[in-house]
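Colleague: Numbering (my numbering), first residue to last: 20 to 421. Built from N, CA and C at the ideal position, the CB exists for glycine as well. Since the structure is predicted, the reported quantities are computational estimates derived from the model, not experimental observations. Can you keep this structure in mind? I'll have questions shortly.
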């Protein structure tokens, strides 16, 4: 027994030992937690870097068929950390334009797949293109988020996501035939939004003052969230014969992950305008216009209006469950009384075209030229990016006879 212990009353001795143990535990606990965190970070599986895979996809030496085959596997990657230097203007130009132009190519190809009855394949392709944009938007280690190269990655990624999500809206409103089709679409795209937000290294807060890049990014989020909402509405209509009247009617969504408005974080809104259901987000002005004003992204990114998507009772392009067949071009157009689906490479409002011999649905591709005589035009060569990113060649699918 020490002298200090001898001077303490008996009741104080256990208390002093308890305090000593408590202080020791309080000191050691943070150290133990720190060690656990260090070990966890050192041993956890590292996300695979998509740099080499994206480089192969975007290579000028990769042909169209290979790109179509490779793209869906990009969904297995959750990291993008570029180590290759971009040293010249050609490299910067490729970074900016190749993903966006190929995204438009994939949008056309997805429609052609739907004509062939390959819905699941088309959806996987569009999901992969959207995910490609998310990977590009991830601010990489070693890049200053404020430098020009990082800004190019962010902008290119957002534009790529917008192009993919635009095609997804067409898919949701036209390619789904059964309730299960809508459910598959919702499940696939819900996972996309969750992964995109989880891996995005920069976080955009809900605020009234957003720069142009922020608006572009949130427009990409809006496009996909509206597609998910539209799919929920169409599913409800198919099951009940009526459009949703409550938020719950749009569900269920996996994990109760109801589509959110990226501009304010609230659930995506809906209303009925001229007897048509409209789903919408409030837009960058942060004002709910009840879908009465349609937002247009222009010189002033903060202009008035909501980002809207009408959801009609009937499909504009009524694709059958099976592959499309037709006896001739007249029979094909009877099946699609509103004309062919839109062409990503045509003018605003432009649609895919048809040939008669053989019967094909086609786009003139990135060259975006108009054939001199549509009535007698014959497809002679398919688009191949190895001939140049913007080169002559058609994107097409042949329509078989019944």
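Mind checking who residue 329 pairs with in its DSSP beta bridge?
Modeller: Bridge partners of residue 329: 297.
Colleague: Classify residue 412 as helix, strand or coil using the three-state DSSP reduction.
Modeller: When secondary structure is reduced to three states using DSSP, residue 412 falls in the coil class, being assigned neither helix nor strand.
Colleague: Would you say residue 314 and residue 325 are within 7 Å of each other, going by their C-beta atoms?
Modeller: yes
Colleague: Could you spell out where the beta strand (DSSP E) holding residue 129 opens and where it closes?
Modeller: First-last for residue 129: 108-134, but that is the alpha helix (DSSP H), not the beta strand (DSSP E).
Colleague: Which same chain residues end up closer than 6 Å to residue 290 when comparing Cβ atoms and leaving out the 5 residues on each side of it in sequence?
Modeller: 297, 309, 310
Colleague: Which residues does DSSP pair with residue 340 in a beta bridge?
Modeller: Per DSSP, none; premise fails for residue 340.
Colleague: Between which two residues does the beta strand (DSSP E) containing residue 372 stretch?
Modeller: Segment 372-375, the beta strand (DSSP E) holding residue 372.
Colleague: Could you confirm whether any beta carbon from chain B is found closer than 7 Å to the beta carbon of residue 412?
Modeller: The structure shown contains no chain B; it holds only a single protein chain.
Colleague: Residue 290 by DSSP, collapsed to three states: which one?
Modeller: strand
Colleague: Whose CA, out of 245, 284, 136, lies closest to the CA of residue 269?
Modeller: 245
Colleague: Using the three-state DSSP reduction, which class does residue 153 fall into: helix, strand or coil?
Modeller: helix
Colleague: Can you tell me the Cα-Cα spacing of residue 168 and residue 112, whole angstroms?
Modeller: 11 Å
Colleague: With the cut-off set at 7 Å, would you say residue 83 and residue 413 are in Cβ contact?
Modeller: The answer is no: Cβ separation not under 7 Å.
Colleague: Does the distance from the CB of residue 149 to the CB of residue 177 come in under 7 Å?
Modeller: no
Colleague: Compute the minimum distance between the beta carbon of residue 151 and the heavy atoms of the ligand FMN, and state whether it is under 6 Å.
Modeller: For the structure depicted, the ligand FMN is absent and the ligand set is empty, with no information on it obtainable.
Colleague: Quick check: the Cα distance between residue 71 and residue 121, rounded to an integer number of angstroms?
Modeller: 17 Å
Colleague: Mind checking residue 376: buried by the 16 CB within 10 Å criterion, or exposed?
Modeller: exposed
Colleague: So, do the region 135-143 and the region 200-214 have three or more beta carbon pairs nearer to each other than 8 Å?
Modeller: yes
Colleague: Expressed to the nearest angstrom, what Euclidean distance is found between the alpha-carbon atoms of residue 295 and residue 368?
Modeller: 21 Å
Colleague: On the DSSP bridge list, what partners appear for residue 380?
Modeller: 373, 416, per the DSSP bridge assignment.
Colleague: What first and last residue would you give for the alpha helix (DSSP H) that runs through residue 74?
Modeller: 70-76
Colleague: As a quick exercise: from 320, 319, 302, pick the residue whose alpha carbon is nearest that of residue 312.
Modeller: 302
Colleague: Does DSSP classify residue 322 as helix, strand or coil?
Modeller: coil
Colleague: Should the region 257-268 be called in touch with the region 352-372, which here means at least 3 C-beta pairs below 8 Å?
Modeller: no
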